[in-house]
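Asker: Before anything else, here's the structure in question.
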Amino acid sequence: MEAELPGFEMDALEIYVTGGNQLSIAGERKPLELEGGAWHRQERSFGKFRRTFELPCDVNADDVSANFAHGNLTLTMPKSEEVKPRRIEVKAS
């Protein structure tokens, strides 16, 4: 999965996988401060955001990796192994 996050710092991002198939990306972009000046026009929004995505299948949260470069976040999420049926032995009581 890829997300474009221009102007964000890597330390301002939080990524969570919950329930096996829920991905949340949160972050905060703080406004740039000018020394001794003021902006005439600023078209980039600032503040906090959070997006949650339902993934099409369960992923192995321990093996999720994230790379962030030039404002692009790339997540690699390997699928979980399918739960295999297990035979349950019935014992007499």
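Residues in the sequence shown are numbered from 180 upward in steps of one, following this note's numbering.
All C-beta atoms, glycine included, are put in the ideal place defined by N, C-alpha and C.
Check this for me: beta carbons of ASN239 and PRO257, under 8 Å apart or not?
Answerer: Position 60 of the sequence shown, counted from the first residue, corresponds to residue 239. Position 78 of the sequence shown, counted from the first residue, corresponds to residue 257. Yes, Cβ-Cβ distance for ASN239 and PRO257 is below 8 Å.
Asker: Just reading off the beta strand (DSSP E) that ASN127 is part of, what are its end residues?
Answerer: Residue 127 lies beyond the range of the chain shown here (180 to 272); nothing can be said about it.
Asker: Does LEU211 pass the burial test, meaning 16 or more other C-beta atoms within 10 Å, or should it be called exposed?
Answerer: Locating residue 211 in the sequence shown gives position 32, counting from the first residue. Label assigned to LEU211: exposed.
Asker: Out of GLY199, LEU192, GLY215, ARG266, which has the shortest C-alpha to C-alpha gap to VAL243?
Answerer: Sequence index remark: in the sequence shown, residue 243 carries index 64 (1-based). Ranking GLY199, LEU192, GLY215, ARG266 by Cα distance to VAL243 puts GLY199 first.
Asker: What residue ranges within the region 208-268 form continuous beta strand (DSSP E) runs of no fewer than 3 residues, ordered along the chain?
Answerer: For the region 208-268, whole beta strand (DSSP E) runs of length 3 or above, ordered along the chain, are 226-233, 244-248, 251-255.
Asker: Taking a contact to mean a Cβ-Cβ separation below 8 Å, would you say GLU207 touches GLY186 in this structure?
Answerer: In the sequence shown, counting from the first residue as 1, residue 207 sits at position 28. In the sequence shown, counting from the first residue as 1, residue 186 sits at position 7. Their beta carbons are not under 8 Å apart, which means GLU207 does not touch GLY186 by this criterion.
Asker: DSSP three-state label for ALA205, please.
Answerer: Mapped onto the sequence shown, residue 205 falls at position 26. Strand.
Asker: Cutting at 7 Å between CB atoms, please list the residues of its own chain near GLU222, excluding the five before and the five after it.
Answerer: Sequence index remark: in the sequence shown, residue 222 carries index 43 (1-based). So no residue of the chain qualifies.
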